[in-house]
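Student:
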Amino acid sequence: MNQNLLDLLPQSSHATRFWWIRHARVPEVAHRMYGSLDVDSDTSDTALFQGIAAKLPKDALWVTSPLKRTKQTADALIAAGATASDWAQDADIKEQDFGDFNGMTHEELFAQRDDAYLGFWPLPPEQQAPNGESFAMLRTRVEAFVKRMITEHQGKDVVCVAHRGTILAALQIALDLPMRNSVSFDIGNVSLTRLTHHADVPQGGPQWRVVDVSWLP
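Residue 15 in full-length UniProt numbering sits at position 15 of the sequence shown, and the numbers go up by one each step.
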């Protein structure tokens, strides 16, 4: 391919590469709604962490949410061989705050529901939890985070250790999905979802490339 045609393609210098990782399992509260609760994760699966660590870029900014399960997961990945050039914490990538539903068992919450999202997400995306958030509100703050990273770290890699809801929101933003379809993805614990934003794609073109969704070694 000649150079003129190559120059028309999206360039890596204009790409922001997001490496989203969901936190490790939380077995002590797995049967409960734990959303914005600060609970511990189980990082004992050494082979899993080594497999994910081997896939990650070597010179990236790492961002965790303020919830300790994300930092525990990030620390386990570093111990398994991953490297970080810098660290940050950002509240915009916290899990959805389920408010009064936090701490409920799944059975207790399901008994109160008759909506079409049962089995997909704790609440319909537009419904705000009492004294908490809706998924739509989560999406708004994740979008603010994504835009900041694109502005401040264009051409670079950003490893984001976060939560299922956060990653679902990032996929919704990248694919411009209807809100009702935004919770359709199964995002495994410690799985990798790779999304690349191309700032040099002309207006109207697809600026996002989906590389991996919930990849596991």
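Ideal Cβ placement from N, Cα and C applies to all residues, glycine included.
Nearest to Leu77 by CA position, among Asp100, Glu95, Ser44 and His106, is which residue?
Tutor: Ser44
Student: In terms of residue numbering, what span does the beta strand (DSSP E) encompassing Ile21 cover?
Tutor: Segment Ala15 to Arg22, the beta strand (DSSP E) holding Ile21.
Student: In whole angstroms, give me the CA-to-CA distance for Pro178 and Arg17.
Tutor: 23 Å
Student: Going by DSSP in three states, Ala170 sits in which element: helix, strand or coil?
Tutor: The answer is helix: DSSP assigns Ala170 an H, G or I state.
Student: Can you confirm whether Asp115, when its beta carbon is compared against all beta carbons of chain D, has any partner nearer than 9 Å?
Tutor: The displayed structure is made up of one protein chain only, and chain D is not part of it.
Student: Just the Cα atoms here: how many angstroms apart are Leu123 and Trp87?
Tutor: 32 Å
Student: Is the beta carbon of Ala169 sitting closer than 9 Å to the one on Leu138?
Tutor: yes
Student: Which full runs of the beta strand (DSSP E) of 3+ residues lie inside the segment 123–204, going along the chain?
Tutor: 157–162 and 192–198
Student: Which residues in the same chain as Ser65 place their Cβ atom closer than 6 Å to its Cβ, once the five residues preceding and following it in sequence are excluded?
Tutor: Ile93, Lys94 and Ala162
Student: Taking the alpha helix (DSSP H) that Leu48 falls in, what are its first and last residues?
Tutor: Thr46 to Ala53
Student: Can you give me the C-alpha to C-alpha distance between Met149 and Ile167, rounded to a whole angstrom?
Tutor: 15 Å
Student: Identify the continuous alpha helix (DSSP H) that holds Gln72 and give its terminal residues.
Tutor: Lys68 to Ala79
Student: Let me check one thing: in DSSP terms, what residues is Ala88 bridge-paired to?
Tutor: Val63
Student: Determine the direct distance from the alpha carbon of Val210 to that of Ala174, and round the result to whole angstroms.
Tutor: 8 Å
Student: I want to know whether the segment 40–54 touches the segment 18–27 - three or more CB-CB distances under 8 Å.
Tutor: yes
Student: When DSSP builds the beta bridges, which residues end up paired with Trp208?
Tutor: His197
Student: Taking Cβ positions, are Ala60 and Ala74 nearer each other than 9 Å?
Tutor: no
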